[in-house]
Amino acid sequence: MKEPKERIQKWLAARGHGSRREIEGWIRAGRLKVNGKPAEIGQPVSGHERFSLDGRPLHVSPEQKTPRKILMYHKPPGEICTRHDPEGRPSVFDRLPKIRQGRWVSVGRLDLNTAGLLLFTNDGTLAHRLMHPSAEIPREYWVRVAGDVNENTLEALRHGIELDDGFARFDDIMPLQALHEDDSQYNRYFSVTLKEGRNREVRRLWEAVGCQVSRLKRIRFGNVALPKDLAQGRYRLLTPGETNALLEPIRPKKGPARTPGPR
């Protein structure tokens, strides 16, 4: 009987060694090897092979993947979303709890100066599904902008703008009250929602209409909102209710019930 095999990026992702996209990046860069030879994208593996990353053994159990964990983190400004930085800047991964097997995989990223909700999981396959554009999971941000904002500006942002990497728009945009009276003379506050996570997309949309973002915070990812009592730099595991709400958009849709025909 042949050993069941699975594509290498999916197999490693399911055991918490990165998202599928991240693992594919390792393969393209020649960083990942299987039994001493460079790995190939889509290569079938059973888990009994010898894996190495950057010349170091990658310890992976061929057994069933570890139980899924998902946590939320309140990212402060000034932290990067990569594990290592040549400039020595703090990383969001520095504060996360250690896990025995695999590692934390971020569900998307926030740029250096953006604060707010970040989700992490030890299931790389799940991270891939949540980040994939086909899932169309909404992300909501609070944004402070400086510049001339009128109804034509808002209409342009709702209708869409051609950016360097393609067409983009806000699915929803609503004005918010300024935090301080004096601040309203120079800045405007908005809640904006979009269904993708391209690099600096929120900032680039506002810049395209002549406005500058001076503060940006993600407050919701899908059906999971950033709790008011979760301070910056703190994390906690999702509750079962939050987990179910997060997974709802990517669950298989049930077709209409079939009516039994005459016998």
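Quick note on numbering: the sequence shown equals residues 29 to 291 in our numbering. For each residue, glycine too, the CB sits at the ideal point set by N, CA and C. No experiment lies behind these values; they were computed from the predicted model shown.
Output the distance between the C-alpha atoms of residue i and residue j, rounded to the nearest integer angstrom.
i: Ile51; j: Asn227; result: 19 Å
i: Ile36; j: Leu81; result: 13 Å
i: Pro114; j: Leu124; result: 20 Å
i: Trp234; j: Val88; result: 44 Å
i: Pro72; j: Leu147; result: 29 Å
i: Arg197; j: Leu222; result: 7 Å
i: Ile55; j: Asp176; result: 46 Å
i: Arg84; j: Pro277; result: 38 Å
i: Arg243; j: Glu107; result: 15 Å
i: Leu158; j: Arg48; result: 12 Å
i: Tyr263; j: Val62; result: 35 Å
i: Gly75; j: Arg59; result: 18 Å
i: Gln260; j: Asn141; result: 13 Å
i: Lys33; j: Glu68; result: 14 Å
i: Arg111; j: Gly46; result: 12 Å
i: Gly64; j: Gly116; result: 32 Å
i: Trp39; j: Phe79; result: 12 Å
i: Pro166; j: Leu154; result: 16 Å
i: Lys256; j: Gly70; result: 43 Å
i: Glu270; j: Phe218; result: 25 Å
i: Ser162; j: Leu86; result: 31 Å
i: Ala41; j: Thr149; result: 11 Å
i: Gly194; j: His187; result: 14 Å
i: Gly136; j: Tyr214; result: 31 Å
i: Lys126; j: Val120; result: 13 Å
i: Lys97; j: Pro268; result: 11 Å
i: Ala57; j: His160; result: 22 Å
i: Asn272; j: Glu164; result: 17 Å
i: Gly225; j: Glu77; result: 35 Å
i: Ala174; j: Val252; result: 29 Å
i: Leu204; j: Cys239; result: 16 Å
Pull the bridge partners of residue i from the DSSP assignment, please.
i: Thr271; result: Answer is none; Thr271 lacks a bridge partner.
i: Thr221; result: Glu168 and Asp200
i: Phe249; result: Arg167 and Val252
i: Phe121; result: DSSP, once it has assigned bridges, lists no residue as partnering Phe121.
i: Pro66; result: Lys61
i: Tyr263; result: Tyr101
i: Leu244; result: Val171
i: Ser134; result: Phe148
i: Glu50; result: Paired residue(s): none; Glu50 is not in a bridge.
i: Arg56; result: Answer is none; Arg56 lacks a bridge partner.
i: Glu229; result: According to DSSP, which records beta bridges pairwise, Glu229 is partnered with nothing at all.
i: Arg35; result: Pro72
i: Arg216; result: Val173
How close, in whole Å, do the beta carbons of residue i and residue j come, if the pair is a contact with beta carbons under 8 Å?
i: Leu266; j: Leu274; result: 7 Å
i: His102; j: Leu258; result: 5 Å
i: Gly44; j: Gly152; result: 6 Å
i: Pro118; j: Ala143; result: About 13 Å separates the two Cβ atoms, so there is no contact after all.
i: Arg231; j: Val241; result: 5 Å
i: Ala236; j: Ile201; result: Actually they are not in contact, since the Cβ atoms of Ala236 and Ile201 sit about 14 Å apart, beyond 8 Å.
i: Cys109; j: Leu138; result: 6 Å
| query | Between the region 245 to 260 and the region 160 to 174, are three or more C-beta pairs nearer than 8 Å? | reply | Flag = yes, the region 245 to 260 and the region 160 to 174 touch.
| said: Count Cβ pairs between the region 129 to 142 and the region 178 to 185 that sit closer than 8 Å; are there 3 or more? | reply: No, the region 129 to 142 is not in contact with the region 178 to 185.
| request: Entirely within the region 140 to 195 and at least 4 residues each: give me those alpha helix (DSSP H) ranges in chain order. | output: Taken in chain order, the unbroken stretches of alpha helix (DSSP H) that lie wholly in the region 140 to 195 and span 4 residues or more are 152 to 159 and 179 to 187.
| task | With a floor of 3 residues, list each beta strand (DSSP E) that falls wholly inside the region 69 to 119, ordered by position along the chain. | result | Listed in chain order, the complete beta strand (DSSP E) runs (minimum 3 residues) inside the region 69 to 119 are 79 to 81 and 98 to 103.
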